[in-house]
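Undergrad:
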Amino acid sequence: MLDGKKSLFSGMQATGTLHIGNYLGALKNWVELENEYETFYCVVDMHSITVRQDPAELRRKARSLLTLYIAAGLNPEKNCIYYQSHVSAHAELAWILNCFTYMGELNRMTQFKDKAAKNEGNINAGLFTYPVLMAADILLFQSDIVPVGDDQKQHIELTRDVAQRFNAIYGDVFTIPEPYIKKTGARIMSLQEPTKKMSKSDDNPNASVFLLDDTDTIIRKFKRAVTDSGNEIRYAEEKPGISNLIEIYSVATGKSIPEIEKEFDGKGYGEFKIAVGEAVAAMLKPVQDRYNELCNDKEYIDNVIKTNAEKASYYANKTLRKVQKKVGFPEKIR
Ligand code: TYM
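Add 1 to a position in the sequence shown, counting from 1, and you land on the number used in our numbering.
#1: Where residue 298 and residue 69 are concerned, what is the direct C-alpha to C-alpha distance, given to the nearest angstrom?
#2: Can you determine whether any heavy atom of the ligand FMN sits closer than 7 Å to the C-beta of residue 74, and answer yes or no?
#3: Can you tell me the Cα-Cα spacing of residue 270 and residue 134, whole angstroms?
#4: Rounded to the nearest angstrom, what separates residue 46 and residue 217 at their Cα positions?
#5: Are the Cβ atoms of residue 149 and residue 27 separated by less than 8 Å?
#6: Can you check whether the CB of residue 136 is closer than 8 Å to the CB of residue 291?
#7: Rounded to the nearest angstrom, what separates residue 224 and residue 275 at their Cα positions?
#8: Exposed or buried, residue 196, counting other C-beta atoms within 10 Å across all chains shown (16 or more means buried)?
#9: Note down, one range per segment and in chain order, each alpha helix (DSSP H) of at least 4 residues found wholly within the segment 239-303.
#10: With DSSP as the reference, identify every bridge partner of residue 43, one or two as the case may be.
#11: For the ligand TYM, is there a heavy atom less than 7 Å away from the beta-carbon of residue 309?
#12: At a cut-off of 7 Å, would you count residue 288 as near the ligand TYM, judging by its Cβ distance to the nearest heavy atom?
#13: So, helix, strand or coil for residue 333, using DSSP?
#14: Quick check: does the Cβ of residue 109 come within less than 7 Å of any heavy atom belonging to the ligand TYM?
#15: If you count every other CB in all the chains shown that lies within 10 Å of the CB of residue 328, and 16 or more means buried, which is it?
#16: Please list the terminal residues of the continuous alpha helix (DSSP H) segment that includes residue 70.
#17: Taking the beta carbon of residue 231 as the centre, do at least 16 other beta carbons fall within 10 Å, making it buried, or is it exposed?
#18: Quick one: what does DSSP say residue 147 is sitting in, helix, strand or coil?
#19: Ordered along the chain, which non-local residues of its own chain (more than five positions away) have a Cβ less than 7 Å from that of residue 187?
#20: From 80, 22, 63 and 56, pick the residue whose C-alpha is nearest to that of residue 312; which is it?
#21: Let me know the beta strand (DSSP E) ranges lying completely inside the segment 162-220, each 3 residues or longer, listed in chain order.
#22: Could you give the first and the last residue of the continuous alpha helix (DSSP H) run that contains residue 28?
#23: With the cut-off set at 8 Å, would you say residue 44 and residue 90 are in Cβ contact?
#24: Which partner residues of residue 6 appear in the DSSP bridge assignment?
#25: Does the distance from the C-beta atom of residue 84 to that of residue 63 stay below 8 Å?
#26: With contact counted as at least three CB pairs below 8 Å, one residue from each stretch, are the segment 91-98 and the segment 52-60 in contact?
#27: Based on the DSSP output, what are the partners of residue 20 in its beta bridges?
#28: Can you tell me where the alpha helix (DSSP H) with residue 107 in it begins and where it stops?
#29: Leaving out five residues on either side along the sequence, give the residues of the same chain with a beta carbon under 8 Å from the beta carbon of residue 76.
#30: Look at residue 8 and residue 143 and say whether their C-beta atoms are less than 8 Å apart.
#31: Using beta carbons (cut-off 8 Å, strictly below), is residue 110 in contact with chain D?
#32: Going by the CB atoms, is the gap between residue 161 and residue 177 shorter than 8 Å?
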């Protein structure tokens with residue numbers, strides 16, 4: 002709760018290129034929530050440097066991501082859209098929360114284990130305490146809900162544990178957040194290995210459909226998608242490839258899974274794959290058009306970056322001051 006209104010925080014890393022998993026699992030759902038909540042959508046550039054980045058590329062990607070948030074339909078007058086690195090309270094609260102998080106808890110994080118395995122030469126302390134910075138992001142805004150894909154659930158559970166631990170010592174300081182995860186679209190799988198989630202760090206470009214892929218590329222990727230043996234369009238555990246495509250088609254069109262199974266009853270995989278490709282291309286086209294328009298409006302985006310960071314700082318610092326006081330930091334003399 003923030004100033005008597007329910008609030009919400011979510012964010013995405015400014016690394017890699019946004020794919021339809023990020024869109025269907027998170028971004029698309031964000032747009033539906035702006036009326037009910039005070040919303041904060043962050044480009045989490047501080048999280049990004051847990052893996053080595055090219056500085057110019059990180060800056061470019063961060064701006065592109067922020068622009069995509071708006072292109073996807075988030076109105077920056079209603080939603081606070083900003084860069085994490087512009088609000089120093091994130092780092093300050095993360096430090097304090099580090100002192101309330103146990104090594105054992107962080108050791109259990111599956112994303113840390115995965116990322117450490119992929120970055121053997123650079124298993125830095127930031128990668129390990131990544132979830133604490135994420136907890137700070139969420140708790141700074143007294144978030145009631147955190148809309149994310151399925152892979153972030155464990156991090157939100159840790160956030161809840163840390164917040165409850167803090168509240169048990171100091172009283173009701175933090176709102177305890179709930180993950181907001183939709184049933185369909187929360188775990189979009191790779192088009193090439195449908196038992197693995199679609200991931201920004203996948204080396205195979207055919208495994209993911211990117212938000213800025215053109216129509217031909219999107220359709221080609223779906224045509225090449227790995228599917229299961231058999232020829233029935235049916236949602237089933239033993240058919241991960243087709244089930245993934247059904248799920249994508251369902252979120253892209255708003256049709257239910259039984260409706261889709263009926264629509265494609267007796268039709269082959271080839272026809273279905275083209276239909277999925279076309280539906281996804283049609284869903285992304287308006288986002289891409291708006292993105293291209295916004296990229297030409299430097300002044301507008303610059304203004305969003307400036308004003309929204311000020312708003313985020315205002316709320317974040319309110320919580321930070323409260324926490325600093327609770328833990329016993331001396332008050333500043335003004
Ligand atoms: P990131 O950047 O990896 O992913 C951004 C969002 O996309 C979702 N997502 C998916 N959803 C469905 N299917 C997939 N294959 C898929 N891949 C990714 C993620 O669940 C996420 O919602 N640690 C976060 C960023 C973060 C954050 C936060 C999120 C930092 N602070 C505070 C929420 C609240 C991350 O790396 O997401």
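In this text, a Cβ means the ideal position worked out from N, Cα and C, and glycines have one as well.
TA: Considering the structure as presented:
#1: 13 Å
#2: As for the ligand FMN, it is missing from this structure, which binds only the ligand TYM.
#3: Those two C-alpha atoms are separated by around 44 Å.
#4: 31 Å
#5: yes
#6: no
#7: Rounded to the nearest whole angstrom, the C-alpha separation of residue 224 and residue 275 is 6 Å.
#8: exposed
#9: If only uninterrupted alpha helix (DSSP H) runs of at least 4 residues are considered, those enclosed by the segment 239-303 are 241-254, 258-264 and 270-296.
#10: 12 and 83
#11: no
#12: no
#13: coil
#14: Every heavy atom of the ligand TYM is 7 Å or more from the Cβ of residue 109, so no.
#15: exposed
#16: 56-72
#17: exposed
#18: Three-state DSSP puts residue 147 in a strand.
#19: 26, 150 and 151
#20: 80
#21: 179-181
#22: From DSSP, residue 28 is part of no alpha helix (DSSP H); its letter is neither H nor E.
#23: Cβ distance not < 8 Å, so residue 44 and residue 90 don't count as in contact.
#24: 3
#25: yes
#26: Contact between the segment 91-98 and the segment 52-60 is absent, because fewer than three Cβ pairs lie under 8 Å.
#27: In DSSP, residue 20 forms a bridge with 211.
#28: 104-108
#29: Closer than 8 Å at Cβ, skipping near neighbours: 35.
#30: yes
#31: Any reference to chain D falls outside this structure, which holds one protein chain only.
#32: yes
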